[in-house]
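What follows is a set of notes on a single structure, which appears directly below.
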Amino acid sequence: MERVPGPFVEAPEYVGGFWIIDVADEEAALGWAEKASAALQSRIEVRALQEAPDQ
Numbered sequence: 001m002e003r004v005p006g007p008f009v010e011a012p013e014y015v016g017g018f019w020i021i022d023v024a025d026e027e028a029a030l031g032w033a034e035k036a037s038a039a040l041q042s043r044i045e046v047r048a049l050q051e052a053p054d055q
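Using UniProt numbering, the final residue of the sequence shown is 55, and nothing's skipped along the way.
See the structure below:
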């Protein structure tokens, strides 16, 4: 049996993720990005997503 210190990937690459936040406009998105950037002490990239068509 081997004990591992956590759910970490042992890889030389950077492992990242993403958030999807539903906001009213670009200004609100940039406000959330500013908060997240400060919390993570890292840059945040903001991208617009295309909305699904109404059915």
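Ideal Cβ placement from N, Cα and C applies to all residues, glycine included. Remember, it's a predicted structure, so these values are computed and weren't measured experimentally.
Compute the beta-carbon to beta-carbon distance between Ile21 and Trp32, rounded to the nearest angstrom, for a pair I have assumed lies under 8 angstroms.
Confirmed, about 5 angstroms.
What are the start and end residues of each continuous alpha helix (DSSP H) run of 4 or more residues lying completely inside the UniProt domain "YCII-related" (5-49), in chain order?
You should have 26-40.
Could you tell me the alpha carbon to alpha carbon distance between Ala48 and Glu10, rounded to whole angstroms?
Their Cα atoms are separated by approximately 32 angstroms.
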